[in-house]
Every structure is written in C-alpha cells, then in structure tokens.
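Asker: Before I ask anything, here is the structure I am working with.
Protein chains: 2
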Amino acid sequence: MTKRQRNARGEGGQLRQDILGAAIALIDRAGSSEAVSLRAVAKEVGIAAPSVYAHFPDRDALLLAVLQQLFDELIALRSEAEERAAAAGGGAWQQLRAGAFATVHFGLQRPGHYKMLYEGRVVSGLSDPMAAAFGRPIQLRVAGLIREILEGMPERENDDAERLALLIWAGTHGVISLQINKPTLRWPKATDLVEDLMRAVIRPANSGVSP
Amino acid sequence: MTKRQRNARGEGGQLRQDILGAAIALIDRAGSSEAVSLRAVAKEVGIAAPSVYAHFPDRDALLLAVLQQLFDELIALRSEAEERAAAAGGGAWQQLRAGAFATVHFGLQRPGHYKMLYEGRVVSGLSDPMAAAFGRPIQLRVAGLIREILEGMPERENDDAERLALLIWAGTHGVISLQINKPTLRWPKATDLVEDLMRAVIRPANSGVSP
DNA sequence: ATATAAACTTACATTCGTTAGTTTATATGT
DNA sequence: ACATATAAACTAACGAATGTAAGTTTATAT
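Now the structure itself:
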C-alpha cells in the first residue's frame, strides 16, 4: 500500500516472502485465486507490478509457490492438532479425528485457500501430478493412522486401509466443500457431520467416547 | 463458426437456445465457466458478440440460465435412473443408489458442468440462496427416499433423515469432486466408493444385495 | 567512487464486457 | 406486386484490466 523501503543488498529475498504473503491475503479476501493479479499483489506489497518478476518468473510460478505454502500450512496445522490429541492421551482414532477437524477449521475459516488446494485447476501450466504430490503426505498419514486403528480391531484386521482413507477423505472434503459452496443452507456443525461419517466408515471399537 | 442464417420474424428466440448450448459446450470443453466470454460464445454460434444482448441482459444472466439448465439436466438424469431402478423392481434403496450413481456419471463425464453446479461461485451477482434453490429438489428427493428406507428398519425409525441425506450428499460430492480435481491419483471405481459410503451411513437391512 | 542489487517507469499487445448506431431480411398492409 | 415497419442481426469502438518486455533509476556495500 504505502511506499515500501528498499531492502538491503543481500536481502532482496525478503520481498519474495512479502509477495507470497500478499498473494495469500488476496486469495483469502476474494475467495479465489483469480484475485491474484500481478498489479493487485504489487499494490498490496507497495511495489510496482513488474518488480514481482525479480522473484517469480511468471504468474504461474507465484501461484505454484502459494499452493506449496498453503499445503505446508495445512499439514502443519494437522500435525499440531494430532500432537495435541496424542499429548492428551489420545490414540490413533483421536489423532485421526483431530487431524480431520483441523482440516475442517482450515477450510471453513479460509475457504479461498481450501478451494485452491482441493478444488483448483489453478495453475494452468502446472502438471496435476505435482499438485497432487503436495497433498500426498496427508493421505499417507491418514492411511497410517487407520491401519493402526484396524490393528486394534481383530474382525477387520485385513480391511484395506488405503481405501478407508480415501472414503474418509472424500467424506471430509464433501462436508467442507459443500458448506463452502452452499453457505446459505442450514448446516449442522461440520465437525459433527465429519465425525459421523468417520465413525460410519471405520466403526472404531475403542474410540474413547461412545461406542 | 460459419455464418448463421438469420431467423424468421417470430423465431428470434431460437437463437437463445443456441447461445445457451454454445455456452454449455464451451464450459464442457474448457472445464470451467471462465471460458464463457461473450466473444467465444458468439463465435461458437456464428454470430457477432453484441448480438447476445438481444437475448440476455448481460453475461451473468447467461451464466444463470446455464446454471438453471444444467440443474434441470441433472435432475432429469437422476429421475430417469430412479425410474429405471423402480421399473426393475427396486425399492427405495435401489432408487437412491441409482440416483447417486447417475450424479457420479454426470460429474465424471462432464466435470466442468459439475463444478459449476457444486463448486461454483460462478455468477458474481447471483445471490447464493437462488443457486442453492436450484439444487433443492434433489436434496428433498434424497431425504424422502431415506425416510422410506428408515421406515423399513424398526431399530432406526426415528433417525434424522435430513441429516443422513446431508451425509450422503457430502460423501457423494466428496468422491466426485476429489476425483475431478485430483485426476492423477489412482482412483477405485467411483460408484463403488459412493456405494460403500452410502451403506456405511444408512446400513440398509434389505438392500437387495449383501447385508 | 563504483559496481551491482533492487526496484522503478513506460509501454505493448490482448482480452474483456458493454454501448451506440447501423444494416438487412422478413412479414404485413395496401 | 410493392412499400414499409420492425425484428434480427451487424460493425465500430470505448474503457478497463491483464501478463509481460524493455530500458532506467536509486540506494547500498565494497
């Protein structure tokens, strides 16, 4: 907004972070990555539009960096939530639930960011495999936790954990996505819906709460 | 594309349908409603861009009409599928499943259209309540079928059908949306996933197939 | 003092929604 | 059969926004 003071000799890289932050702020405010025009980003940071090119080769590169950072943030939020659940004595089930709830909160509080991560054909030049790879760690973590849960359930020991992880992912995403995109419907608490779906899919025996 | 022959006196309205169809075709090809520029639509139909204004007051009105038509198509597809299931002797459960499968096919075969219906903040000036109202009939129908199913299950007779409908909607949408937006992942058959989720949520006793 | 990193100004070529005014074909009245 | 009113479409153009290229200025570290 205001004129930005010039960075020192070696610290031109500081601006890179500010540009990234501005792009992320714009997406959050507008609810969509289309709001990221180089001119809008530049104005937000307080620089001239072409100065962005000193730090990103083109607009797609900027959006790709945003995507990466947002995935990192979501992964960090999930990990923290899981660790809190574990620290409180929670087992695999409680950790899985905590991670899912963290995603729900992320999605509902920052719908523009969530849509970019999971509803995005955002970066035109970006091969989808790359975008999919960003989210892969979450998928693996969920499948691992589910495997752990299944091991405590003799009658389902050889269920396919990967498949159950997919079902839970789909259910969680469905709740978040619908609530974001149809906000005027009367929605029950999203976390309750997600927990219902997770219980229905997994049926954890020792879930700590009700059977 | 080629020069279009002029419509007769009273039949200017024919062009309206062609414009609608062109917009729908563009969305299908590009996978997003951003592809609907008045110039692109006009070229597709074979007219000049401003001629669109004879039939739609502005771009948003065109997109709104597209939205309406696509919802109508989806509703029709669902109804046909349900009727086929009923004609084959299927009960409420089989009809519910057939409707869900029809939506899955619609979504995977026409991802751009599906995204417009369920992931769209498409029409900037369109109040969301209106867009939500377009999809309302499906929601009501699903809840009705679920109520019917629950009535055949004494032990769950007073479960909340509206809530179960929401869970199934979310699950179905989640499967479709994720498969659309992360197409490079290895996806099991989408209908199988949806059926798993529906069974997990409803646990129909007499589902006709396995318990 | 000077080399250079950091950022600027200017501008080009597209694309877009939309407005204004104009042309052309068709149906109708005589 | 012919003139005419009008529906149906056209051409031209404006103003705004966009990604990006080219060349220039300015502050800082050596």
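Protein chains in written order, with this note's numbering: chain L, 23 to 233; chain Z, 23 to 233.
Idealized CB from N, CA, C, for every residue including glycine.
These numbers come from a predicted model, not from an experiment.
1. On a Cα-Cα basis, can you pick out the residue from R51(Z), T206(Z), L89(Z) and L92(Z) that is closest to G157(L)?
2. By the DSSP assignment, the alpha helix (DSSP H) with L60(Z) in it spans what residues?
3. Residues of chain Z with CB under 8 Å from W191(L), in chain order?
4. State yes or no: is the C-beta of W115(L) nearer than 7 Å to some heavy atom of the ligand GDP?
5. When the cut-off is 8 Å and only beta carbons count, does E141(L) lie next to chain Z?
6. Is it true that the segment 82-91 of chain Z meets the segment 43-55 of chain Z, where meeting means three or more beta-carbon pairs spaced less than 8 Å apart?
7. Buried or exposed, going by whether 16 or more other CB atoms sit within 10 Å of the CB of E179(Z)?
8. Taking the alpha helix (DSSP H) that S271(L) falls in, what are its first and last residues?
9. Less than 8 Å between the C-beta atoms of A165(L) and E184(L), yes or no?
10. Output yes or no for whether 8 Å exceeds the beta carbon distance between L215(Z) and A192(L).
11. So H127(Z) is in the alpha helix (DSSP H); what residue range does that whole segment cover?
12. What separation, rounded to the nearest whole angstrom, lies between the Cα atoms of T213(L) and V74(L)?
13. Whose CA, out of F93(Z), A114(Z) and A120(Z), lies closest to the CA of A102(Z)?
14. Quick one: measure Cβ to Cβ for Q161(L) and A187(L), integer angstroms, because I've assumed they're closer than 8 Å.
15. Under three-state DSSP, which class holds A70(Z)?
16. Can you grab the Cα-Cα spacing for the pair L48(L) / F93(L), in whole Å?
17. Of the choices I69(L), I41(L), D50(L) and A107(L), whose alpha-carbon is the least far from that of L139(L)?
18. Comparing the C-beta of A222(L) with each C-beta of chain Z, is any distance below 8 Å?
19. Find the residues of chain Z that neighbour S55(L), judging by a C-beta separation of less than 8 Å, and give them in chain order.
20. If we call anything under 8 Å between Cβ atoms a contact, is I41(Z) one with L84(Z)?
21. So I202(Z) and G129(Z) are supposed to be a Cβ contact under 8 Å. How far apart are they, rounded?
22. As a quick exercise: from L60(L), G68(L), G134(L) and K65(L), pick the residue whose alpha carbon is nearest that of F78(L).
23. Is the beta carbon of S199(L) closer than 8 Å to that of E141(L)?
24. Below 7 Å CB to CB, which residues in the same chain sit around Q117(L) once its five sequence neighbours on both sides are set aside?
25. At a Cβ cut of 8 Å, what residues of the segment 178-189 of chain Z count as close to chain L, listed as they run along the chain?
26. Quick one, which of A155(Z), H135(Z) and R169(Z) has its alpha-carbon nearest G113(Z)'s?
27. Give me the Cβ distance between A76(L) and A70(L), rounded to the nearest whole Å; I'm assuming they're in contact under 8 Å.
28. Within 8 Å (strictly less), CB to CB, does D82(L) reach chain Z?
29. At 7 Å on the CB atoms, spell out the chain Z contacts of A154(L), in chain order.
30. At a CB-CB cut-off below 7 Å, which residues of chain Z make contact with D218(L)?
31. Which word fits P233(Z), buried or exposed, when buried means at least 16 other C-beta atoms lie within 10 angstroms of its C-beta?
32. For L215(Z), decide whether its Cβ has a neighbour in chain L, counting only Cβ atoms nearer than 8 Å.
33. As a quick exercise: from A44(L), K204(L) and H127(L), pick the residue whose alpha carbon is nearest that of L96(L).
34. In the DSSP assignment, find the alpha helix (DSSP H) that holds G196(L) and state where it starts and stops.
Answerer: Considering the structure as presented:
1. T206(Z)
2. L60 to V67
3. Under the 8 Å cutoff, chain Z gives G196 and L200.
4. For the ligand GDP, the structure offers nothing, since it holds no ligand at all.
5. yes
6. yes
7. exposed
8. Lying outside 23 to 233, the shown extent of chain L, residue 271(L) is not represented and no answer is given.
9. Going by C-beta atoms, A165(L) is nearer than 8 Å to E184(L).
10. yes
11. Looking at the DSSP string, the run of the alpha helix (DSSP H) that includes H127(Z) is A114 to Q131.
12. Going by C-alpha positions, T213(L) is about 40 Å away from V74(L).
13. The sequence shown places Glu at residue 102(Z), not Ala. With respect to the C-alpha of E102(Z), the residue from F93(Z), A114(Z) and A120(Z) having the closest C-alpha is A120(Z).
14. 6 Å
15. Three-state DSSP puts A70(Z) in coil, outside helix and strand.
16. 17 Å
17. D50(L)
18. Closer than 8 Å: yes.
19. Under the 8 Å cutoff, chain Z gives no residues; its nearest Cβ is about 12 Å from S55(L).
20. yes
21. 7 Å
22. Taking only the C-alpha atoms, the option nearest F78(L) is L60(L).
23. yes
24. Listed in chain order, the non-local C-beta contacts of Q117(L) below 7 Å within the same chain comprise E104, A107, A108 and L167, local neighbours out to five positions each way being set aside.
25. R185, L188 and L189
26. R169(Z)
27. Rounded, the Cβ-Cβ distance is 10 Å, inconsistent with contact.
28. No - not a single Cβ of chain Z is within 8 Å of the one on D82(L).
29. K204, T206 and L207
30. L189
31. Because P233(Z) carries a pLDDT of 35, less than 50, the predicted location of this residue cannot be relied on, and no value is offered for it.
32. yes
33. H127(L)
34. Counting along the chain, the alpha helix (DSSP H) containing G196(L) begins and ends at A183 to N203.
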